[in-house]
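A.B. asks:
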Amino acid sequence: MARKSSARNWRDSATSPHSPSASLLLSTSALALSILAGAWLVPRQLWGADLTSNPLTCIKSTCALLLPVSLLLFSHPPFHSSLSLQPSPSPGRATPEQLIPRIATAIGLSYCGAVAAALIATAFGAPSALQSVSVTLHWSSLFSLLIVLPSALLFGANSHLWRSVLLRFSPVSLPEACVVTSAHGAVVGAWMGAWPMPLDWEQPWQAWPICSTYGMLLGYLIGLFLPLIAAWVLPATVVSRMLHRKVSTA
10 MARKSSARNW RDSATSPHSP SASLLLSTSA LALSILAGAW LVPRQLWGAD LTSNPLTCIK
70 STCALLLPVS LLLFSHPPFH SSLSLQPSPS PGRATPEQLI PRIATAIGLS YCGAVAAALI
130 ATAFGAPSAL QSVSVTLHWS SLFSLLIVLP SALLFGANSH LWRSVLLRFS PVSLPEACVV
190 TSAHGAVVGA WMGAWPMPLD WEQPWQAWPI CSTYGMLLGY LIGLFLPLIA AWVLPATVVS
250 RMLHRKVSTA
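Below, the structure is given as structure tokens:
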């Protein structure tokens, strides 16, 4: 009941600048701005590049901006307090003394996720030529920063939380829901974005990994803000039923 009441209190406290909802809104906005700046604004202003003409530069720029922002927002105690909408911390929650090991674990898991994403992309048809390896690895690094790093910073190596939140879609708070829906949105967006690649339209944006990157970033941004929009539009009782996972010490 305490966890359901925390969901109901979300909308009631939304007008307070110090409420968890205000903190979450600022954090998600910072994530979105870092992606938009890294993928479009910074490359265009510094190098005159865009995602279609020079995807590697734009992906590098996005990774460079997204990594420190994600590390700060998903592991910093003020933001972390907005994630703790539960009466007692679960094993997947970091305390200040666990912060450095949690960050190290998250970076290690993100590296493994990037390697796995590169292998999966290659298996599904990404170019395997030597000149394309760098592009694929940078794309998979961005993929891992969007999906693996936030979850690893929130849940650490707690396999129960990974399965419960990401695979079974059972978050207990709106911040967790933002992480889940943004991760799913990035995966679906990357997959759907790759559909035009084999077609014979002969457009420059069909080349790997341009359209897949567009889809991945768009899907991530939609998923990032979808729970916030739902919390404002849907009745509080519906939101509280969506946040239903029971905390387990497993």
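In my numbering, each residue's number is its place in the sequence shown (first place is 1) plus 9. Every residue, glycine too, gets a C-beta built ideally from N, C-alpha and C.
1. Kindly list the residues whose CB is nearer than 7 Å to the CB of Val189, restricted to its own chain and excluding five residues on each side of it in sequence; keep chain order.
2. Shortest alpha-carbon distance to Leu116 belongs to which of Ile156, Trp241, Leu50 and Leu233?
3. Can you check which of these residues, Leu65, Leu146 and Glu106, is closest to Ala125 by C-alpha distance?
4. Under a three-way DSSP split, which group does Ser179 fall into?
5. DSSP three-state call for Phe152: helix, strand or coil?
6. Whose CA, out of Ala46, Leu60 and Ala127, lies closest to the CA of Leu143?
7. Kindly list the residues whose CB is nearer than 8 Å to the CB of Leu82, restricted to its own chain and excluding five residues on each side of it in sequence; keep chain order.
8. For Pro236 and Cys187, which I take to be in contact (beta-carbon distance under 8 Å), what is that distance rounded to the nearest angstrom?
9. Give me the Cα-Cα distance between Trp148 and Ala31, rounded to the nearest whole angstrom.
10. What separation, rounded to the nearest whole angstrom, lies between the Cα atoms of Gly154 and Ile238?
11. How big is the Cα-Cα spacing for Ser325 and Cys72?
12. Less than 8 Å separating the beta-carbons of Ser221 and Gly194?
13. Considering just the uninterrupted stretch of the alpha helix (DSSP H) at Arg53, what are its terminal residues?
14. Any Cβ of chain C within less than 8 Å of the Cβ of Thr222?
15. Sort Phe133, Glu106 and Ser191 by Cα distance to Leu158 and report the nearest one.
16. Determine the DSSP secondary structure at Leu37, reduced to helix, strand or coil.
C.D. replies: Per the coordinate set shown:
1. Excluding residues within five positions, the ones whose Cβ falls inside 7 Å are Val174, Leu175, Phe178 and Pro180.
2. Correcting the residue type first, residue 116 is Ile in the shown sequence and not Leu. Here the closest residue by C-alpha is Ile156.
3. Ranking the options by Cα distance to Ala125, first place goes to Leu146.
4. Coil at Ser179, not helix or strand.
5. It is helical.
6. Reading off the sequence, residue 143 comes out as Ser, not Leu. Checked all of Ala46, Leu60 and Ala127; the closest Cα to Ser143 is Ala127.
7. Contacts found: Ser36, Ala39, Leu40 and Phe88.
8. The pair is a contact, with the Cβ atoms about 5 Å apart (cut-off 8 Å).
9. Whole-angstrom Cα-Cα distance: 32 Å.
10. Reading off the sequence shown, one finds Leu at residue 154, where the question assumed Gly. Answer to the nearest angstrom: the Cα atoms are 24 Å apart.
11. A query on residue 325 cannot be resolved here, the shown segment of the chain reaching from 10 to 259 and no further.
12. One thing to note: Ser221 has its Cβ no nearer than 8 Å to the Cβ of Gly194.
13. Per DSSP, Arg53 belongs to the alpha helix (DSSP H) from Val51 to Trp56.
14. This model lacks chain C altogether; it includes just one protein chain.
15. Residue Ser191 is the option with its Cα nearest to Leu158.
16. Position check: residue 37 holds Thr in this sequence, whereas Leu was assumed. The three-state reading of DSSP puts Thr37 in helix, counting H, G and I together.
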